[in-house]
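Letter 110 of the sequence shown, counting from 1, is numbered 110 in the UniProt record's numbering, and no numbers are missing.
Data first, discussion second: the structure below is written as structure tokens.
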Amino acid sequence: MIWINGMADILGATDHWAKDLVTPLHTILIGLPKTSRHRINSFAQRIEDICKLNAQFASCINSCGDQTIGHILLKGQTSWTSICDAYRYNTGDFLSFVIPCWSRHGNDVLILCAAQTEALQQAASSLVDNGIQMVNEHLDDLCKSVTMHDKCYVRQSNKFCGLKMHEFLINLSRRSFRALLELLQESALIKHLPDSCEHWAKKPSNYNWHNERESAQRRDISAGGSRLIISNLKSSNEKGKEREKI
């Protein structure tokens with residue numbers, strides 16, 4: 001309940017973000033202000049709040065006696081943990097580039113990938129509705145849907161934001177996908193892992209989708225106001241690390 005209640009405090013009522021399949025990065029976009037400056041600032045603040053919550057949740061899990069359940073729950077947090085690591089260490093200019101660009105264009109990506117999101121929702125629902133014992137019959141469809149969904153997000157994000165966003169999303173999706181595959185294999189219910197479940201995770205990281213951005217319209221996501229907001233956020237983040245050391 002720590003995670004659900006905490007997320008509700010940050011994002012609002014759970015029916016806005018928990019009833020359907022919503023990726024972590026799009027969860028943060030729900031209900032943000034329309035004004036660009038306030039939108040970026042609110043987006044960054046939400047990440048900070050969610051990452052604090054994620055750390056509390058992980059600490060709570062690690063203090064529990066049942067390590068098997070704890071292991072599963074922490075695997076389920078892989079996406080958020082990856083995002084929070086990027087936030088904390090500013091991996092790939094996460095603060096100065098990824099946050100401003102995604103806060104502005106994330107909803108555009110959501111619209112462009114609506115068909116893939118719906119297909120993934122249906123594949124996941126089919127797996128749940130038929131029960132875990134039937135996982136082998138539905139695993140191939142699920143993995144294909146995850147692959148097509150993630151590829152769409154990477155491609156479209158790359159068109160709006162370029163290579164840095166491309167690299168961040170492709171690493172995020174692969175880490176999350178690997179965590180899913182590991183949980184499925186550890187369940188001992190999987191008789192054979194379909195090729196579709198390994199294809200995306202093994203795709204070379206330098207896959208050349210970023211060339212597509214050359215023919216797409218690009219907006220200046222590094223405007224002075226954005227840089228100032230993120231600079232202040234980075235300063236606040238670094239001060240937080242110093243307090244942790246003390």
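Even for Gly, the Cβ is constructed at its ideal location relative to N, Cα and C.
Counting along the chain, where does the alpha helix (DSSP H) carrying K191 start and finish? On the sequence shown, residue 191 is found 191 positions in, with the first residue counted as 1. In the DSSP annotation of this structure, K191 is not part of any alpha helix (DSSP H), being labelled neither H nor E.
Hey, how far is the Cα of S222 from the Cα of S96? Along the sequence shown, one-based indexing puts residue 222 at 222. Along the sequence shown, one-based indexing puts residue 96 at 96. Low confidence applies to S222: its pLDDT is 45, below 50, so where it sits in the model is not reliable, and the reading given next is rough at best. Their Cα atoms are separated by approximately 8 Å.
I need the straight-line Cα distance from L112 to G65, nearest angstrom please. Counting from one through the sequence shown, the residue named residue 112 turns up at place 112. Counting from one through the sequence shown, the residue named residue 65 turns up at place 65. Going from the Cα of L112 to the Cα of G65 covers about 44 Å.
Below 9 Å between beta carbons: does that hold for G76 and L11? The sequence position of residue 76 within the sequence shown is 76, counting from 1. The sequence position of residue 11 within the sequence shown is 11, counting from 1. Note that the C-beta distance between G76 and L11 is not below 9 Å.
Assign I30 to one of two classes, buried (16 or more other C-beta atoms within 10 Å of its C-beta) or exposed (fewer than that). Taking the sequence shown and counting its residues from 1, the one referred to as residue 30 is at position 30. I30 is exposed by the Cβ-count criterion.
Counting only the same chain and skipping the five closest in sequence on each side, list residues whose C-beta sits under 6 Å from that of Q67. For the purposes of this step, residue 67 is taken as residue 67 along the sequence shown, with counting starting at 1. Same-chain partners within the cutoff: there are none.
Three-state class that DSSP yields for G76 in the structure shown: What you label residue 76 is simply residue 76 of the sequence shown in a count that begins at 1. Here G76 sits in helix by DSSP.
Are the CB atoms of L181 and C161 nearer to each other than 9 Å? Translated into the one-based positions of the sequence shown, residue 181 becomes position 181. Translated into the one-based positions of the sequence shown, residue 161 becomes position 161. Contact check for L181 against C161 fails: the beta carbons are separated by 9 Å or more.
Simplified DSSP assignment, three categories, for S103: Sequence index remark: in the sequence shown, residue 103 carries index 103 (1-based). In this structure, S103 counts as helix in the three-state DSSP scheme.
Please state whether DSSP places L32 in a helix, a strand or coil. Residue numbering aside, residue 32 sits at position 32 when the sequence shown is read from its first letter. For L32, the three-state secondary structure derived from DSSP is coil.
So S126 is in the alpha helix (DSSP H); what residue range does that whole segment cover? Within the sequence shown, residue 126 is the residue found at index 126, counting from 1. For S126, the uninterrupted alpha helix (DSSP H) run begins and ends at A114 to N130, by DSSP.
Can you tell which of H105, L127, V154 and D150 has the C-alpha that lies nearest to the C-alpha of D141? Indexing the sequence shown from 1 puts residue 141 at position 141. With distances taken between CA atoms, D141 lies nearest to L127 out of H105, L127, V154 and D150.
May I have the straight-line CA-CA distance separating P33 from L25, to the nearest angstrom? Position 33 of the sequence shown, counting from 1, holds the residue named residue 33. Position 25 of the sequence shown, counting from 1, holds the residue named residue 25. Straight-line measurement puts the Cα of L25 at about 16 Å from the Cα of P33.
Under 8 Å Cβ to Cβ from Q185, same chain only, skipping five residues before and after it: list those, please. By one-based count along the sequence shown, residue 185 stands at place 185. So the qualifying residues of the chain are L193.
State the DSSP-derived secondary structure class of G12, mapped to helix, strand or coil. Along the sequence shown, one-based indexing puts residue 12 at 12. Three-state result, G12: coil.
Cα separation between Y153 and M165? Numbered from its first residue, the sequence shown carries residue 153 at position 153. Numbered from its first residue, the sequence shown carries residue 165 at position 165. A straight line joining the alpha-carbon of Y153 with that of M165 spans about 10 Å.
Short of 7 Å in beta carbon distance, which residues of its chain neighbour T78, apart from the five on each side in sequence? Order them along the chain. Locating residue 78 in the sequence shown gives position 78, counting from the first residue. Result list for T78: R175, S176 and A179, in chain order.
Per-residue DSSP class, three states only, for G162: Taking the sequence shown and counting its residues from 1, the one referred to as residue 162 is at position 162. DSSP places G162 in coil when its eight states are reduced to three.
Which term fits G106, buried or exposed, when burial requires 16 or more other beta carbons within 10 angstroms of its beta carbon? The sequence position of residue 106 within the sequence shown is 106, counting from 1. So G106 counts as buried.
Return the chain-ordered list of same chain residues with a C-beta closer than 8 Å to the C-beta of T23, the five sequence neighbours on each side being excluded. Here residue 23 is taken as the residue at index 23 of the sequence shown, counted from 1. The residues are S79 and Y153.
If you draw a straight line from the C-alpha of D150 to the C-alpha of C101, how long is it? Here residue 150 refers to the residue found at position 150 when the sequence shown is read from its first residue. Here residue 101 refers to the residue found at position 101 when the sequence shown is read from its first residue. CA-CA distance, D150 to C101, rounds to 18 Å.
In whole angstroms, give me the CA-to-CA distance for R88 and V146. Position 88 of the sequence shown, counted from the start, is the residue given in the question as residue 88. Position 146 of the sequence shown, counted from the start, is the residue given in the question as residue 146. Distance between the alpha carbons of R88 and V146: 27 Å.
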